[in-house]
Amino acid sequence: MGHLAPWRRRRQTVVGPGARAGALGEYREVVEQRTVPWRGLVRDIPDFPAPGVLFKDITPVLADPGAFSAAVDELVAWSLGRGVDFVVGIEARGFILAAPIAYRLGAGFVPVRKAGKLPWAVEQEGYSLEYGADRLEIHADGLPPASRVLVVDDVLATGGTASATVRLVERLGAEVVGLGFVIELGFLAGRTRLAGRDVHSLIAYPATPEVDRT
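Just add 145 to wherever you are in the sequence shown, counting from 1, and you've got my numbering.
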């Protein structure tokens, strides 16, 4: 492993509620020392899934073992100290990130899915995004009242799915203590729908859709 760049060195540490304070500090320190070339790993795909949409594809990030591990580690480090009981992942790429984050935090994982995908009684919420509209659902018994929830997804765009998920979580009586994303598209102003919420993204694209030359 010594020949790998620091951001490619994967960690297997679990930093759940029982971890000692020193271990949490050490975990944060190691994560903060990483410099990951995130933008170089994100692929732009024009006119997907609809004409006029420039899709930010994070599958190269997920395919790179070091980058994937670093993404999980950074979101975990940011989440420490929030007393997270459950990590809610938004369909579908949010599942890929939320499950390992929940494992590292010693928390439960709860999926939020599109309508008709969950087998039990559900709560439902409509949402809009930059290329359409749909509905999200969560199991009606998915979160205990007063539980502390971290919401995770791959991209913060218009904020439609994230804000709908927040409403679902709060309808069950749980508390959203943060929202974590790999990518934030600032020019779609999704953060405005999450005003007053604690939001963190690994890659923040500018507030105007200019070509990134870095």
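Every residue, glycine too, gets a C-beta built ideally from N, C-alpha and C. Only a predicted model underlies this, so the values are computations on that prediction, with no experimental measurement involved.
Indicate the three-state DSSP secondary structure (helix, strand or coil) for Leu313 in the structure shown.
helix
Less than 7 Å between C-beta atoms, sequence neighbours within five positions excluded: which residues of the same chain meet that for Leu186?
Only residues of its own chain outside the window of five on either side were considered, and among them Pro205, Val206, Asp209, Ala212 have a CB closer than 7 Å to the CB of Leu186, listed in chain order.
Anyone know if the C-beta pair for Thr306 and Ile235 falls short of 8 Å?
yes
Could you tell me the boundaries of the beta strand (DSSP E) in which Asp202 lies?
199-202
Under the three-state DSSP convention, the category Phe361 falls into
Outside the displayed range of the chain (146 to 359) lies residue 361, so it cannot be described from this structure.
My understanding is that Leu288 touches Val294, with C-beta atoms under 8 Å, so please give their C-beta distance in whole angstroms.
Right, their Cβ atoms sit about 6 Å apart.
Would Ile328 pass as a contact of Val300 if the rule is Cβ separation under 8 Å?
The answer is yes: Cβ separation under 8 Å.
Using 10 angstroms around the beta-carbon of Gly197, count the other beta-carbons present and answer buried if the total reaches 16, otherwise exposed.
exposed
Out of Ser346, Gly271, Leu250, Ala352, which has the shortest C-alpha to C-alpha gap to Arg227?
Measuring from the Cα of Arg227, the nearest candidate turns out to be Leu250.
Selected residue, minimal CA-CA separation from Val181, among Asp218, Thr310, Leu339
Each of Asp218, Thr310, Leu339 was checked against the Cα of Val181, and the nearest Cα belongs to Asp218.
Of the residues Arg342, Ile190, Trp223, Pro256, the one placed nearest Phe240, counting alpha carbons only:
Pro256
Quick check: what's the CA-CA separation for Ala319 versus Phe254?
Cα to Cα, the separation comes out at about 14 Å.
Thinking C-beta only, is Ala309 closer than 8 Å to Leu330?
no
Go through its chain and collect everything with a Cβ distance to Ala352's Cβ below 7 Å, but skip five positions before and after it.
Gly331, Phe332
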